[in-house]
Structure formats: C-alpha cells, structure tokens
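Student: Structure below; questions to follow.
Number of protein chains: 4
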Amino acid sequence: MSFRGVVPPLVTPFRPDGALDVAGLEENLERLSSHAFSGFLVLGSSGEAQSLDEDEKLALITAARRRLDGRPLFAGTGLESTRATVAFTKKAAERGIDAALVLTPHYYRASMTDEALRRHFEAVADASPVPVYLYSVPAFTGLPWPPGLAEALAPHPRIAGMKESSGDVALLGRIVAGVPASFEAACGNARVYYPALCVGASGGVLSVANCAPAASVALHAAFMAGDHARARLLQAALLPLATAIGTRFGVAGIKAAMDAAGLHGGAVRAPLLPVSAEGREELRRLVDAAQAAAAPA
Amino acid sequence: MSFRGVVPPLVTPFRPDGALDVAGLEENLERLSSHAFSGFLVLGSSGEAQSLDEDEKLALITAARRRLDGRPLFAGTGLESTRATVAFTKKAAERGIDAALVLTPHYYRASMTDEALRRHFEAVADASPVPVYLYSVPAFTGLPWPPGLAEALAPHPRIAGMKESSGDVALLGRIVAGVPASFEAACGNARVYYPALCVGASGGVLSVANCAPAASVALHAAFMAGDHARARLLQAALLPLATAIGTRFGVAGIKAAMDAAGLHGGAVRAPLLPVSAEGREELRRLVDAAQAAAAPA
Amino acid sequence: MSFRGVVPPLVTPFRPDGALDVAGLEENLERLSSHAFSGFLVLGSSGEAQSLDEDEKLALITAARRRLDGRPLFAGTGLESTRATVAFTKKAAERGIDAALVLTPHYYRASMTDEALRRHFEAVADASPVPVYLYSVPAFTGLPWPPGLAEALAPHPRIAGMKESSGDVALLGRIVAGVPASFEAACGNARVYYPALCVGASGGVLSVANCAPAASVALHAAFMAGDHARARLLQAALLPLATAIGTRFGVAGIKAAMDAAGLHGGAVRAPLLPVSAEGREELRRLVDAAQAAAAPA
Amino acid sequence: MSFRGVVPPLVTPFRPDGALDVAGLEENLERLSSHAFSGFLVLGSSGEAQSLDEDEKLALITAARRRLDGRPLFAGTGLESTRATVAFTKKAAERGIDAALVLTPHYYRASMTDEALRRHFEAVADASPVPVYLYSVPAFTGLPWPPGLAEALAPHPRIAGMKESSGDVALLGRIVAGVPASFEAACGNARVYYPALCVGASGGVLSVANCAPAASVALHAAFMAGDHARARLLQAALLPLATAIGTRFGVAGIKAAMDAAGLHGGAVRAPLLPVSAEGREELRRLVDAAQAAAAPA
Chain U
203 MSFRGVVPPL
213 VTPFRPDGAL
223 DVAGLEENLE
233 RLSSHAFSGF
243 LVLGSSGEAQ
253 SLDEDEKLAL
263 ITAARRRLDG
273 RPLFAGTGLE
283 STRATVAFTK
293 KAAERGIDAA
303 LVLTPHYYRA
313 SMTDEALRRH
323 FEAVADASPV
333 PVYLYSVPAF
343 TGLPWPPGLA
353 EALAPHPRIA
363 GMKESSGDVA
373 LLGRIVAGVP
383 ASFEAACGNA
393 RVYYPALCVG
403 ASGGVLSVAN
413 CAPAASVALH
423 AAFMAGDHAR
433 ARLLQAALLP
443 LATAIGTRFG
453 VAGIKAAMDA
463 AGLHGGAVRA
473 PLLPVSAEGR
483 EELRRLVDAA
493 QAAAAPA
Chain C
203 MSFRGVVPPL
213 VTPFRPDGAL
223 DVAGLEENLE
233 RLSSHAFSGF
243 LVLGSSGEAQ
253 SLDEDEKLAL
263 ITAARRRLDG
273 RPLFAGTGLE
283 STRATVAFTK
293 KAAERGIDAA
303 LVLTPHYYRA
313 SMTDEALRRH
323 FEAVADASPV
333 PVYLYSVPAF
343 TGLPWPPGLA
353 EALAPHPRIA
363 GMKESSGDVA
373 LLGRIVAGVP
383 ASFEAACGNA
393 RVYYPALCVG
403 ASGGVLSVAN
413 CAPAASVALH
423 AAFMAGDHAR
433 ARLLQAALLP
443 LATAIGTRFG
453 VAGIKAAMDA
463 AGLHGGAVRA
473 PLLPVSAEGR
483 EELRRLVDAA
493 QAAAAPA
Chain E
203 MSFRGVVPPL
213 VTPFRPDGAL
223 DVAGLEENLE
233 RLSSHAFSGF
243 LVLGSSGEAQ
253 SLDEDEKLAL
263 ITAARRRLDG
273 RPLFAGTGLE
283 STRATVAFTK
293 KAAERGIDAA
303 LVLTPHYYRA
313 SMTDEALRRH
323 FEAVADASPV
333 PVYLYSVPAF
343 TGLPWPPGLA
353 EALAPHPRIA
363 GMKESSGDVA
373 LLGRIVAGVP
383 ASFEAACGNA
393 RVYYPALCVG
403 ASGGVLSVAN
413 CAPAASVALH
423 AAFMAGDHAR
433 ARLLQAALLP
443 LATAIGTRFG
453 VAGIKAAMDA
463 AGLHGGAVRA
473 PLLPVSAEGR
483 EELRRLVDAA
493 QAAAAPA
Chain V
203 MSFRGVVPPL
213 VTPFRPDGAL
223 DVAGLEENLE
233 RLSSHAFSGF
243 LVLGSSGEAQ
253 SLDEDEKLAL
263 ITAARRRLDG
273 RPLFAGTGLE
283 STRATVAFTK
293 KAAERGIDAA
303 LVLTPHYYRA
313 SMTDEALRRH
323 FEAVADASPV
333 PVYLYSVPAF
343 TGLPWPPGLA
353 EALAPHPRIA
363 GMKESSGDVA
373 LLGRIVAGVP
383 ASFEAACGNA
393 RVYYPALCVG
403 ASGGVLSVAN
413 CAPAASVALH
423 AAFMAGDHAR
433 ARLLQAALLP
443 LATAIGTRFG
453 VAGIKAAMDA
463 AGLHGGAVRA
473 PLLPVSAEGR
483 EELRRLVDAA
493 QAAAAPA
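This is how it looks when you write it as structure tokens:
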C-alpha cells in the first residue's frame, strides 16, 4: 500500500438523473485494474468530493473496497474542520480504506498559519485508524504549502507521506530532502511527473491516469528502469493532455477524456459545466496522442 | 425583511466540549435584539458554517427562528454543488428562514466561469421557496466577482439582492448602477461601510455588528439622517476593529471581541486557533473605542 | 500648491515619428487650464514616464513650467534606485517643479520590505529641494502599500502627502486617520474618488481629468459644497469611463478619450498598442456621458 | 556563443562611495573564467541593471568585453519601451556583446497582451545587430509568460532562444516541445536546473553560478554525461542556497554569498538593503555545502 507508483484519482460517475453511478465506478475500476497502478484513490479533487454528500462518499468507498480486494485503496477525507475530518476519516476507515488523504483546510485561508495546519494534521493523524497522507493543491485551495511543514509532520508515526499538486518541482525537491526516505512524497501534477521523479518523488497521483493509464504507468516504469529518454518522451506526450485538463477543462475534461478512452466519464455535477463538442474532440486527440506514445516501440 | 439596514452575521457559539451551544446563540440574539438591526443572519462565514454539519445548521436555524419571532432571519445556504445548495436551501426554508444567502461555489475556481456561476444562481433561485441573495467574499473564496453577473441575475423574481464583501467600493457602485432600485446591494465589509453607503449600498452585513452593535447601527442611522460628519467619524472609529478582525484575527477575533463586549463569543472550531491573551486585550480596546464613538454626544 | 483639489496626471503627446510633441503638451495645458484644477502633474504613470528618457522628461518639465506660470506643477521623479531618484529629483527641481511624486521602487519586489521603502523615501526627502509626495500604484508595481508606512513618514518635514491609487478606500481611510491634517492624502483612482473624499482624501490625481475635466472638477466641487447627491451622481457618471480606462484600455485609452474630447491624446509608445476603432467609439460615448453629467442642471 | 551550458548573470560591484567598481567586475570575471561556463551575462536582474544608468551599463559591457576576449558575452538590454530597447541594444552591440537578453516590458502589465509582447520582441529583433534572447522573470515583473509566445517568435532569424526564470518546469517543457532544436531554452532558476535539463532546457543562466560556480558547472556536466544520480545530488546541494537567495535574500544575498566565496560581491544599491551578519553567516554555510558537493568524490 503506497504512493510508490502511479495512483489514479478516480472520477465519480453520475447517472443521467444526477445520482451516483456506483456501477460506473466499478466498471472503471475493472478496466483500470489491468494497468500496473500502485493503488487507487477515491474522493480526491478529480472525484468531485466537494459535490458529494457523506452517504455518497461512503457508498463509493464501499464499492471500491469490494472491487479492489486487497489492492491499496486511498480516500480523500479532508474537510474544513478538524472535528469533521476526524469523524469522516474514522467512518472511511471502517469501510476499509488503507490510507486517508487529508486536504489542507482553506476557507479561512488567512487564518491557516503554519501552526494551525500543523495542529490540524497532527490531530487528524492522532485519531486516524489508518495512515494519513497530507494533501496540498493550491490551484483549488488558494493556499500555498508552507516551507517546513511536511518536514515537521513527517516524524508522526501515522503520517505516511504527501500528495503535492502545485507543480512546483523545487518544493517537492525541498520536501524530499527534509523527510526520511520512508515518507512518500507523491507528485499530484501530471505536467511535471517526470521531473518530479527526477528530484525524488516516490510516485504520482495523476488525474491523467484516468484517461491515459498506459502512458502514465509507462512513464513511471521507464523512470524506474533508468530510461530517461523514454521517460522524457512520455512526459512530453502527456504534457498537452495534462495542460488542457489542468488549465482549461478541469474535472469535466478528465471525464470527457475518459469517454474518449472508452471508460465511464460522463457528466459532472453543476455548477461545473460539460465540455463542448469541440473540446471533446480536442481531448480525444490529446488522449490518442498520449496513449500512442505508450505503445511498444 | 431586507438588507436595508445593518444585519449581524451571527457567530456560532460552541460549548467547552466542542458541541454546538444553542443557548449561547439565543442569549446573543436576545442581547443583540435591543439594537435596530434590520435582520439577522445565521450560517455566514462569521458563523463558521464551513465547520458545521447539516444537523447543527438546522438546529441553529430553528433556534434563531423561534427567538426572532417575526423579525427577518437570513441563513447562508450555499454549498459547492448546485444540487446540494438547492437541497439545503429547501430544508432551511422549511425551518422558516426569510431568505437564503448563497455563496459562490469556488473549489473548482478555474471552472467558475461567468456562465457557470450564472446558471448556479439561477438554478438555486428557481428552486428556492424563499428569496435568494447572492454572496461574494473573495477573501475566503479566492474568486473575484465577475463584472455584469449581478446585473444579469437581478431580473430573476426570486433574486432579491447581494452581499458583496470584497471591500471594493467601485464594484459595489457599478452593481448599484446596473440593477433596479429594488435589488438590495449590501456591503459585507465593515472597513468600507460608510463609503459603500455613499455609492448606494442598501445596507450592511457586518461582522463587527456582533461586537460593536451600537456603533454599527449608529453609522447607518447617521448616514440615513444625512449626517455625513457623524457617519465618517463612526466609520473611522470602526475601522481599526474591522481591520484587526478582517486582516489578522478572523472569526476567532470576532468571538474574542464579543467576549470583551459581554456577549457569548467563546471558542472557535479547529483548525482555527484561539486569540492570544495579548490579542484579546487589543480587541477589547478596539471594541471600547468603537462603542465609545457611538455614545450620544 | 497642493493635492487639495483635482490634479490631472498629464499624458505625454508624441509626434507621428514617435518623438516628443512638446507643443501638444502645451496646447493640452492651455485647454485644461480653464478648469479649476489645483495643480498639474507631469511624468506620472499616465504620462508614460517609464517610456521617456531623461532629456525628454526634463523638456516636458521645462515646457510645463513655462506654460503654467505660478500654478502648481508636480512631476513624477521616482526611479528604481535611491541614488537615481535623488539625482533626478534634483534636476527636476532645478527646472522648477513645485513638488515631486516618488513612486515605490518595485522591480526587486520581494526585497521591498517596510524598512527598505521607508529608508528610500526618507533618503529622497532628505535630499530633495522640493516637497515630496509618496506614490503607490499596485496595479502597475505589483506592490501593495504597507500598513503604517505613510504614518511613519508623515512627520518628515519634506514629505507633504501621498497619492494612493489602489482603489482601496479603507486603506486611504486608515492613512487619513494616522497622519496629521497637513498631510495630503490624495486618491489616485477615479473609480472611487467620491467615496475616497468621504473618508478624508484631500483631493485626487485622476487620469480621467485629462479627458473629462469638467466632470472631475465638478465632483470635487459638489463634495466640497456638501452636495452629496450631486457628488454621487457625478461619481456614477465617471465610473464607466474610469473603469474602461483602468481595467481595459490603459494609457492608450486615456489618449483616445482625449482625442474624443478635442485634446491632444494621440499615439502611445510601443509596446503599448493603440485602441481599436470600436474602442475609440466606446470611449467617445463614455466621455460624452461623463461630461454631460457635469453640465449645469 | 550560446545558452548551451551554464552562464553566470554577473553581479555589479560598487565602490564604498556607491560608484561602479569596474575593477571588481574584472576580478570576478578573471576568477570565474577558470570554470567551464558557456558564456557570461552582464546587466541581468542579478546585475542590478534597474539601478544603473546608461553610462554605467556601457562601461560594464566594455570592461567585460575586453576581459573576455572571444568568449561569449551576453547583456540584458530590455527597457520598458520598444524604442528605448532598440536604441540601447544597438549601443550594446557596438560595444561588442554577442547577444542581447530582452526582458518583458511590464510596468503597464494589464496592457502587455500577447500581441503587444510579440510585436515588441519582433521589433527589437528586427533592429538588433546581434541575436536576441527572450527573457521572462515573473518574480520581478509580475507578468506570467503567455503560452505560445516563444513558439510564435522562434522562427524569427534573429531570435536565438529564451531565458525562462519562473521555475515552472512544465512551462519550459511546453516551450521546448514547440520550438526547433536550434532555439536555446535556458532555465533561469537554479532551484529547478536539473529537472529543467531533464525536460529539455539547453542550459542555465543561474545566479548561484556567481557564488557556487563549481557546483553549477558540475551539475551541468553530470547531466550531459548521463549521470543522473550525481546531477540530482548536486541539485539537492544547490537547492537550499538557491532558495535562500531566490526567496529571502535576493541580489544582496548573491553578493554576500560571493563575499563568502572569496569573490567581489560587496554592497547593493539602495533601496536594496545589505544582508545582516546572521544572514551572511547562513549564506556562507550554504555556499560551503553547495561547493563541497562539487568536490571530486
């Protein structure tokens, strides 16, 4: 169970009436399971966790747990208050997740001092039945990750690692230099996955792994094999897709790209808007290009 | 029922064990009711709505509704998804709120285009049993309010107004110029309440009204009476308190200032941190100075 | 000589070949002199000072000084280094300016601590033969004005006031509260001129005064006469023009609006681009609307 | 002559009286010339170009040209206006620079559209007697580099490459993917030099090369030799020094670190402040650690 490899942050399929489509999630898991992922994440930012209620979240965990048998299952459990995060992490652990990904609280951002964040993560880790991974994604939270915080938290016996999604490779390098080798510093930004590995990232939680699984896994494998030329080529092949999703299409883009790849993407929940027909066509081309690069030479 | 006057965005008191302190809320309402407020708001940003679960939120509404008899009660009902916002707005309406304040969704901020926000507010207003007020607070959401959006939404029969908390007086002036006189454009930033009234704000939803109610109401009354000299003096007296809360102490500061003013402020929910002893002393002085300015000459 | 009234930050006309058009400046001064301005500023941001060399700057000062006889002439003299600012301020003073407007250095913005800025302004004021006004314009410099800096510098015998152009009325209110009445805190953002006056601004350095001089001066006069209704109306009339210039058209927009008003606007220096024909038409309408509001009732 | 290797952006030494110390520059060049740099840059951001007048700039170029004999000499020649940039680039070329580094104009940042920047760079390149390199450094300019601009400009016969200093490795990867192999995309941020090379950067213009020349050159050599383990180690050794300079100490920190390394750093021009004694000690330790990593195993 680890972030030492690629982990797809699974999207949450919805039925045409807007209800949760658990069967869609199960089929996606089935399809994605043929790739050499090191684990699966539900309830991340790509999973529209912010738009799900607690019952839906627990149903997703239960379904994923059942499908994955013994393979590692991570779930995003972070909420705005420490109290609610602890409570939900416990419920998620009861449903069988292997580890919890805890997002930085951020609504009261001016109050999220280093000390406030440190206490929050410590309190959650103290109470969590399962290992905890820190999670920073400034593009969504508006909150930069404070220098030194991962290093201060790494000694906690229940804090296993971090997902750092800013795309700031230097930050990841600094974190890697300041934590023990057992701390898993995962890159959460597919635009810089290869350079992040170069500076010591343990693996990646990559939204493009939902729609370009072969290329994502191949990049990791090439790096592990010391094949920098191929890793660089695969990164270049993934970059346009990752950039399109990261800067223009968002979660709706991941889902449209999954549709293009023959998986269950489908609709997003409002206020997110669907991708236009032109956008879907562009994403289809980007998926094809990324996956083509992963084909055996 | 209106934002034509001052509305305090009520804080949410907690018991020492961290549970909701409904009696504390009721005592605050009792005390604040002696001031000439035009209504009361629960579940705003000052109310730590982001840290409350749904049962707690509904309990607060129920208690406030009971205490206020016929006086106007507003509640923040905005959540990240349109679906959840509609559902909760209906539940809040069933508990008797007079109007709902709907925060801009913001987690997927890059996807919150003008169209996404417009559709969100329209869908909520279409479904809401009670009038809806738009709510923008970039300091918390990281999302600037798009030019023209209030103007586009103002014709909706169930959209009654807006709370604009950025402190950008020019933005408020532009909104006022583009909406009918019946649209209530309230200022949500006490640092600029008097200048906001000068450019046409209908009233204010002011966190300082929790701890400096007399000065807040007096400022509004002075402006309505055409006494600009007194309004300016009261604004100057409120500015240091409002600045201290807005830029340094946050919600914990509002609560500490209420403690200083003899109301139930009390603890905040983590990850928010309590105000230090020095900070509490500073806030006490600022409250005293603000309230002194409101004393009859 | 003062910022107690409206001061136009004059644009710098260029000839078709790109050279300085001193005669154009003189004609603008002639035309604008019929309005009740409290002074004139050359070499501000609206004057494209960043695109002028020293000889051109001194030629502009000389021409303006000659035209204005005894009327107050201000000049922007701030450069990135303290040394260069001191040297140029002295040269400008020799050409007869009445006071110098000193922009915050900003290229090394992370190094522009409160202390760095304080020492810079003190050193310039110590060496300047003429009174000094502080100048902050975050839209151009990317540097917010630090709380307390104006208050710390106000006692300096040669620091006479400040031009604060952020549009943050609360900041202006705080500055006014912390400096002696002799310190002139001018608003440099026409979108909030009326509310800025309400919280104590001494006057305004307003780019719209170049193209809508009558409305700008009338707003100030209405406020001074206690006619808040008319001041608010004039502010509302200037707001669309000021917003269009401030957020979309920039300096090229001021110049196009001057052309529309019958003054010498003309070309901007590259890399600034000229306003399109549609933009010019829009600016013409906005100028007409603003000036119409100033017509006697 | 190229950015295919490491280029130090030379600092500008000053004498105790604040005047230019040309002899100091010459000694630094003498000392640094023993390292395998691919060229030298004067008048970059590290060279306090913003605080130098034209005579000083030309004197620096002349001195550097004389000292370097045939080795490549680059100079920063970008100014706010196209006209001034062209004029100064020509003067610099007359003094013998091999190529000009042209900074994005940025004061009127809202007006710096893709088209405005493209036209600026094209006009400068059209007029320049020497090859031109584009230069983006958002930490100083506040201006992000627009997607597609380097790609659009790369075909120009006199545009030879770019210095991209944001630290955004994904951006560099995108640029590399969109330009011909002859276009030299140099990394201007030492915090990510190794990962930047991994995604295709041609070389680096690194401020730490002034104070840790051996480690900077060794990192490049290790990468070229395919020794990723050593490159990663050297990057990790340079990261704390580069971070300290980049985020806390600025140009004054580079100079203090040079003093620690036995070169002529010396004073900065105000408003930059000198590094404190504690800061100098910290920088000495960071320089020692970085250089130790470069020692032969």
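Protein chains in written order, with my numbering: chain U, 203 to 499; chain C, 203 to 499; chain E, 203 to 499; chain V, 203 to 499. For each residue, glycine too, the CB sits at the ideal point set by N, CA and C. Since the model is a prediction, treat every value here as computed from it, not as a measurement.
For Gly375/C, I'd like the list of residues in its chain whose CB is within less than 8 Å of its CB, leaving aside the five on either flank, ordered along the chain.
Tutor: Numbered from 1 along the second sequence, position 173 holds the residue referred to as residue 375/C. Cβ neighbours of Gly375/C beyond the five flanking positions: Val401, Gly402.
Student: List the residues that DSSP assigns as beta-bridge partners of Met364/E.
Tutor: Translated into the one-based positions of the third sequence, residue 364/E becomes position 162. Per DSSP, Leu336/E, Ala387/E.
Student: For Ala424/C, I'd like the list of residues in its chain whose CB is within less than 7 Å of its CB, leaving aside the five on either flank, ordered along the chain.
Tutor: Here residue 424/C corresponds to residue number 222 of the second sequence, with the count starting at 1. Correct list, in chain order: Arg432, Ala433, Leu436.
Student: Assuming Leu212/V contacts Leu243/V (C-beta within less than 8 Å), just tell me the rounded distance between them.
Tutor: By one-based count along the fourth sequence, residue 212/V stands at place 10. By one-based count along the fourth sequence, residue 243/V stands at place 41. The Cβ separation is near 6 Å, so the contact holds.
Student: Could you tell me which residues DSSP pairs with Val288/V in its beta bridges?
Tutor: In the fourth sequence, the residue the question calls residue 288/V occupies position 86. Bridge partners of Val288/V: none, in fact.
Student: Whole angstroms is fine: what's the gap from Glu296/C's alpha carbon to Glu282/C's?
Tutor: For the purposes of this step, residue 296/C is taken as the residue at position 94 of the second sequence. For the purposes of this step, residue 282/C is taken as the residue at position 80 of the second sequence. C-alpha separation (whole angstroms): 21 Å.
Student: Could you check how far apart the C-beta atoms of Gly448/U and His422/U are, in whole angstroms? I think they sit under 8 Å.
Tutor: What you label residue 448/U is simply residue 246 of the first sequence in a count that begins at 1. What you label residue 422/U is simply residue 220 of the first sequence in a count that begins at 1. Their Cβ separation, rounded to whole angstroms, is 19 Å, which puts Gly448/U and His422/U out of contact at 8 Å.
Student: Going along the chain, which residues of the stretch 366-388 of chain C sit with their C-beta nearer than 8 Å to a C-beta in chain U?
Tutor: Per Cβ criterion, the list is empty.
Student: Would you list the residues sitting across from Gly278/E in a DSSP beta bridge?
Tutor: Translated into the one-based positions of the third sequence, residue 278/E becomes position 76. The partner list for Gly278/E (beta bridge, DSSP) reads Leu303/E.
Student: Could you give the DSSP three-state label for Gly405/V: helix, strand or coil?
Tutor: As a first step, residue 405/V is located in the fourth sequence; it is residue number 203 there, counting from the start. DSSP places Gly405/V in strand when its eight states are reduced to three.
Student: Can you check which of these residues, Pro340/V, Ser338/V, Phe205/V, Ala383/V, is closest to Ala356/V by C-alpha distance?
Tutor: Along the fourth sequence, read from residue 1 onward, the residue named residue 356/V stands at position 154. Of the candidates Pro340/V, Ser338/V, Phe205/V, Ala383/V, the one whose C-alpha sits nearest the C-alpha of Ala356/V is Ala383/V.
Student: What residues of chain C sit near Asp255/U, judged by a beta carbon separation below 8 Å?
Tutor: To locate residue 255/U, count along the first sequence from 1; it is residue 53. Ala286, listed in chain order.
Student: Identify the residues that DSSP records as bridge partners of Pro211/C: which are they?
Tutor: Position 9 of the second sequence holds residue 211/C. Per DSSP, Leu243/C.
Student: Say whether chain E places a C-beta atom closer than 8 Å to the C-beta of Phe342/V.
Tutor: To locate residue 342/V, count along the fourth sequence from 1; it is residue 140. Interface residue, yes.
Student: Would you say Ala261/U lies against chain C (beta-carbon separation less than 8 Å)?
Tutor: Working through the first sequence from its first residue, we reach residue 261/U at position 59. No, because no Cβ of chain C sits closer than 8 Å to the Cβ of Ala261/U.
Student: CB Leu245/C to CB Ala238/C, shorter than 8 Å?
Tutor: Locating residue 245/C in the second sequence gives position 43, where the first residue counts as 1. Locating residue 238/C in the second sequence gives position 36, where the first residue counts as 1. In this structure, Ala238/C does not lie closer than 8 Å to Leu245/C by Cβ.
Student: Once the 5 residues before and after Glu509/V are set aside, which same chain residues still bring their CB inside 8 Å of it?
Tutor: Since the displayed chain V opens at 203 and closes at 499, residue 509/V lies outside it and no answer follows.
Student: My understanding is that Ala491/U touches Ala439/U, with C-beta atoms under 8 Å, so please give their C-beta distance in whole angstroms.
Tutor: For the purposes of this step, residue 491/U is taken as the residue at position 289 of the first sequence. For the purposes of this step, residue 439/U is taken as the residue at position 237 of the first sequence. With 8 Å as the limit, Ala491/U and Ala439/U qualify as a contact, their Cβ atoms being about 6 Å apart.
Student: Terminal residues of the continuous alpha helix (DSSP H) containing Thr449/U?
Tutor: Numbered from its first residue, the first sequence carries residue 449/U at position 247. No alpha helix (DSSP H) holds Thr449/U; DSSP gives it neither H nor E.
Student: With 8 Å as the threshold, decide whether the Cβ of Gln493/U is near any Cβ in chain V.
Tutor: The residue given as residue 493/U occupies position 291 in the first sequence. No, because no Cβ of chain V sits closer than 8 Å to the Cβ of Gln493/U.
Student: Would Gly467/E pass as a contact of Ala459/E if the rule is Cβ separation under 8 Å?
Tutor: Here the question's residue 467/E lines up with position 265 in the third sequence. Here the question's residue 459/E lines up with position 257 in the third sequence. Yes. Within cutoff.
Student: Is the stretch 261-268 of chain E close to the stretch 217-231 of chain E, with three or more CB pairs under 8 Å?
Tutor: Contact between the stretch 261-268 of chain E and the stretch 217-231 of chain E is present, because at least three Cβ pairs lie under 8 Å.
Student: What residues from chain U crowd round Ser204/C, counting only those whose CB sits closer than 7 Å?
Tutor: Here residue 204/C refers to the residue found at position 2 when the second sequence is read from its first residue. The contacting residues do not exist; Ser204/C stays about 27 Å from chain U at best.
Student: Quick check: the stretch 300-309 of chain V against the stretch 333-340 of chain V, are at least 3 beta-carbon pairs closer than 8 Å?
Tutor: They touch, by the three-pair rule.
Student: Do the stretch 313-323 of chain E and the stretch 337-353 of chain E make contact, defined as three or more Cβ pairs closer than 8 Å?
Tutor: At 8 Å Cβ cutoff, the stretches touch.
Student: Going by DSSP in three states, Phe216/E sits in which element: helix, strand or coil?
Tutor: For this step, residue 216/E is matched to residue 14 along the third sequence. Reduced to three states, the DSSP call for Phe216/E is strand.
Student: Using a cut-off of 7 Å between C-beta atoms, extract the partners of Ser409/V located in chain E.
Tutor: If you number the fourth sequence from 1, residue 409/V lands on position 207. Within 7 Å Cβ-Cβ: nothing; Ser409/V doesn't reach chain E, min ~12 Å.
Student: If I follow the unbroken alpha helix (DSSP H) through Pro415/C, where does it start and stop?
Tutor: Position 213 of the second sequence, counted from the first residue, corresponds to residue 415/C. Per DSSP, Pro415/C belongs to the alpha helix (DSSP H) from 415-426.
Student: In the DSSP assignment, what residue or residues form a beta bridge with Leu475/E?
Tutor: The count along the third sequence starts at 1 and reaches residue 475/E at position 273. The partner list for Leu475/E (beta bridge, DSSP) is empty, contrary to what the question assumes.
Student: Hey, out of Arg268/E, Ala312/E, Met364/E, Thr343/E, whose CA is closest to Leu474/V's CA?
Tutor: Taking the first residue of the fourth sequence as 1, we reach residue 474/V at position 272. When each option's Cα is compared against that of Leu474/V, the closest is Ala312/E.
Student: Using the C-alpha atoms, what's the distance from Glu366/C back to Ala398/C?
Tutor: Counting from 1 along the second sequence, the entry for residue 398/C is found at position 196. Counting from 1 along the second sequence, the entry for residue 366/C is found at position 164. Going from the Cα of Ala398/C to the Cα of Glu366/C covers about 10 Å.
Student: If we call anything under 8 Å between Cβ atoms a contact, is Arg471/U one with Arg285/C?
Tutor: If you number the first sequence from 1, residue 471/U lands on position 269. If you number the second sequence from 1, residue 285/C lands on position 83. Taking 8 Å as the Cβ cut-off, Arg471/U and Arg285/C qualify as a contacting pair.
Student: Under 8 Å, CB to CB, which of the residues in the stretch 305-317 of chain C have a partner in chain U?
Tutor: Answer in chain order: Pro307, Tyr309, Tyr310, Arg311, Ala312, Ser313, Met314, Thr315, Glu317.
Student: Determine, using beta carbons only, whether Ala539/E comes closer than 8 Å to chain C.
Tutor: Nothing about residue 539/E can be reported from this structure: the residues present for chain E run from 203 to 499 only.
Student: Please report the distance separating the alpha-carbon of Glu483/U from that of Gly344/C.
Tutor: As a first step, residue 483/U must be located in the first sequence, where it is residue number 281. As a first step, residue 344/C must be located in the second sequence, where it is residue number 142. Going by the C-alpha atoms only, they are around 31 Å apart.
Student: Would you say Ala325/E faces chain V, with C-beta separation under 8 Å as the test?
Tutor: Position 123 of the third sequence, counted from the start, is the residue given in the question as residue 325/E. Closer than 8 Å to some Cβ of chain V, the Cβ of Ala325/E qualifies, so yes.
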